[in-house]
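*Asks:* Protein sequences, first through last, are from chains A and B.
Numbering-wise (this note's numbering), the first sequence opens with residue 1 and increments by one.
Numbering-wise (this note's numbering), the second sequence opens with residue 269 and increments by one.
Questions regarding the structure given below will be posed in turn.
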Amino acid sequence: MNSVEEVGEMKHLQTLEGHTDRVWGLAWNPTFTNLLASCSGDKTVRIWEQSFSGSFDCKAVLEETHTRTIRSCAWAPSGKMLATASFDATTAIWENVGGDFECISTLEGHENEVKSVSWNAAGSLIATCGRDKSVWIWEVELGNEFECVSVLQGHTQDVKMVQWHPSMDVLFSCSYDNSIKVWAEDGDDDWHCVQTLNEANNDDLTIKLWGTESLHAQSGDGFEPWGGVIASGAADNAIRLFVVNDDDDGLVCYTLSVSLLRRYKLKL
Amino acid sequence: MVSGLINANPTVYEKKERRVRDPLPNVVDEYAAEPIDELEIFDILFALLPFLYPEHPYSLEELKVLTEESVEVDDRCSYVRVTFTPTVEHCSMATVIGLCLRVKLMRSLPSRYKVDIRVAPGTHATEAAVNKQLNDKERVAAALENPNLVDMVDECLAPSYA
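Rendered as structure tokens:
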């Protein structure tokens, strides 16, 4: 990990213009690293490509598929497919066919707004979540077929985001109900909530880092981007970091408070 | 907006004398940034008052739903906070009123402003839930894509643009 000194000061390189409404999400292509996808309230996705000169140009506009805000987008690990989650209750799968992006499938099932989409490390599973309080897991099958393999209930409010563990088939979901749930398969194709991360102090504008010995160990001795720690943010005036407790197998937390929205505080 | 009054006999307060705006300086630099102050925000929202509770013969100012003190502005940080007071603590219209206030400011202020809308502390039975919903940009965005809700908000706001 580079220190701040090594990274140096950040400089603004370019402003990408084209979207006509709020940009809700960005995703760097993990394989074709000169590609960036952005999704917006203007119901379009834009694919940006970095040229040899270093500047980013809009290479494609994916439109006329979603009918409402596109809340989130995520590239498959192969970098060839892009999933987009929309308030129109669908998740679209786009494939890069010789530089053109075609919508090859639309995942339907959520009752209303889909808020987040995530691919697992192998690119074999997709998770989606939404306002209907559910989390759906879809299997990527041969021939670009996508089948729902599980609908996970448990959250009591909108599910705001889903995120797969970077190397294991463990799924995290976070919700308006102020909890994070951890989901895993039981070896029998059934998915279960294995832990709910709840904190009494909510709406607290905090970021929490959650750690676990066991996840870290199971993820192997290779590169492990999260180092067995996950982070979450909420809504009050501090940042909290939750890390490993050696005496505990589950995800546990420990606290560090930082004033985050100081600049918004009114001087009355 | 609703059939029948939620609170038929509200407490009515006297209208307060309005603060008078400072006169414009003689030398006007048309390229200078114009800071926005509390009075300007209040003026924007004041235009809404008669339309939010159309059944009441009183304005929102007389009901103390919104007063000049309700508006806090930090122009340097591009931050605005509006605190409104529902007339009853079970007011079912609180989120709609809050949404109308938010949309009115969204349409009136430059996009650099961050706007927080909240009910006054201790004035609503589900204060935390109302505040959380009103300040969740994802929920607000989704609500504003709901044609029925947008119609209702537009109906409230339309006269204020006249």
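All residues carry an ideal CB built from backbone N, CA and C; glycine is no exception.
Name the chain A residues that come within less than 7 Å of B/Glu336, Cβ to Cβ?
*Replies:* Near B/Glu336 there are no residues of chain A at all, since even the closest Cβ is about 14 Å away, more than 7 Å.
*Asks:* Is the beta carbon of B/Val348 less than 8 Å from the beta carbon of B/Ser338?
*Replies:* no
*Asks:* Which value, in whole angstroms, describes the spacing of the CA atoms of A/Ala89 and A/Thr44?
*Replies:* 15 Å
*Asks:* What residues of chain B sit near A/Gly18, judged by a beta carbon separation below 7 Å?
*Replies:* Residues of chain B passing the Cβ test: none, with the nearest at roughly 17 Å.
*Asks:* Counting only Cβ pairs nearer than 9 Å, list the residues of chain A close to B/Glu357.
*Replies:* By Cβ distance, chain A contributes nothing, its closest Cβ being about 20 Å from B/Glu357, past 9 Å.
*Asks:* Contact check, A/Val162 vs A/Ser173 under 8 Å by CB: the rounded distance?
*Replies:* A/Val162 to A/Ser173, Cβ: 5 Å. Contact.
*Asks:* Given a cut-off of 8 Å, decide if A/Ala76 and A/Val117 are closer than it, judged by their beta-carbon atoms.
*Replies:* no
*Asks:* Rounded to a whole number of angstroms, what is the C-alpha to C-alpha distance between B/Pro415 and A/Gly98?
*Replies:* 39 Å
*Asks:* Determine, using beta carbons only, whether A/Val114 and A/Arg71 come nearer to each other than 8 Å.
*Replies:* Yes, the Cβ-Cβ distance between A/Val114 and A/Arg71 is below 8 Å.
*Asks:* Near A/Asn96, what residues of its chain come up, given a Cβ to Cβ distance below 7 Å and the 5 sequence neighbours on each side ignored?
*Replies:* Taken in chain order, the residues that qualify are Lys80.
*Asks:* Distance check for A/Glu17 and A/Thr69, CA to CA, integer angstroms please.
*Replies:* 18 Å
*Asks:* Can you tell me which of the three DSSP states B/Thr355 falls into?
*Replies:* coil
*Asks:* Chain B partners of A/Lys115, CB-CB under 8 Å?
*Replies:* Ordered by position in chain B, the residues that pass the 8 Å Cβ test against A/Lys115 are Glu406.
*Asks:* Along the region 58–75 of chain A, where does the CB come closer than 9 Å to a CB of chain B? Name the residues.
*Replies:* Arg68, Thr69, Arg71
*Asks:* Go through its chain and collect everything with a Cβ distance to B/Tyr381's Cβ below 6 Å, but skip five positions before and after it.
*Replies:* Ser346, Val348
*Asks:* Could you tell me which chain A residues have their CB closer than 7 Å to the CB of B/Glu413, listed as they occur along the chain?
*Replies:* Within chain A, Arg68, Thr69, Phe87 have C-beta atoms less than 7 Å from the C-beta of B/Glu413, given in sequence order.
*Asks:* Using the beta-carbon of each residue, which ones in chain B are nearer than 9 Å to A/Gly41?
*Replies:* Ala409, Glu413
*Asks:* What does the alpha-carbon distance come out to for the pair A/His12 and A/Asp57?
*Replies:* 16 Å
*Asks:* Express the C-alpha separation of A/Ser179 and A/Trp191 in angstroms, rounding to a whole number.
*Replies:* 18 Å
*Asks:* Within 10 angstroms of the Cβ of B/Lys372, are there 16 or more other Cβ atoms? Answer buried if so, exposed if not.
*Replies:* buried
*Asks:* Run through the DSSP bridge pairs and tell me what B/Val348 is partnered with.
*Replies:* B/Val341, B/Val383
*Asks:* Could you give the distance in angstroms between the alpha-carbon of A/His110 and the alpha-carbon of A/Gly130?
*Replies:* 7 Å
*Asks:* If you draw a straight line from the C-alpha of A/Glu64 to the C-alpha of A/Lys181, how long is it?
*Replies:* Roughly 34 Å between the two C-alpha positions.
*Asks:* A/Glu141 bridges to which residues according to DSSP?
*Replies:* A/Glu145
*Asks:* In or out: A/Asn29 buried (at least 16 other Cβ within 10 Å) or exposed?
*Replies:* buried
*Asks:* Could you spell out where the beta strand (DSSP E) holding B/Asn414 opens and where it closes?
*Replies:* That residue, B/Asn414, is in no beta strand (DSSP E); it is neither H nor E in DSSP.
*Asks:* Output the boundary residues of the beta strand (DSSP E) element that contains B/Ser376.
*Replies:* B/Ser376 -> not in any beta strand (DSSP E); alpha helix (DSSP H) instead, spanning 362–376.
*Asks:* Considering only residues of the same chain and omitting the five flanking positions on each side of A/Ser78, which have a CB-CB separation below 8 Å?
*Replies:* Thr31, Gly123
*Asks:* Leaving out five residues on either side along the sequence, give the residues of the same chain with a beta carbon under 6 Å from the beta carbon of A/Ala27.
*Replies:* Ala37, Cys73, Ala74, Trp75
*Asks:* Among residues of its own chain, excluding the 5 on either side of A/Ser270, which ones have a beta-carbon nearer than 7 Å to its beta-carbon?
*Replies:* In the structure as shown, chain A starts at 1 and stops at 268, and residue 270 of chain A therefore has no counterpart that could be examined.
*Asks:* When you compare only the Cα positions, how much space is there between A/Ile239 and B/Gln401?
*Replies:* Caution is warranted here: a pLDDT of 38 is assigned to A/Ile239, below 50, making its placement in the model unreliable, and the coordinate value is therefore given only provisionally. Taking the CA atoms as reference points, A/Ile239 sits about 21 Å from B/Gln401.
*Asks:* With a CB to CB cut of under 6 Å and the five nearest residues on each side skipped, what residues in its chain are close to B/Glu308?
*Replies:* none
*Asks:* Are B/Cys368 and B/Val421 touching if we call contact CB-CB under 8 Å?
*Replies:* yes
*Asks:* May I ask you to report which of helix, strand or coil DSSP gives B/Gln401?
*Replies:* helix
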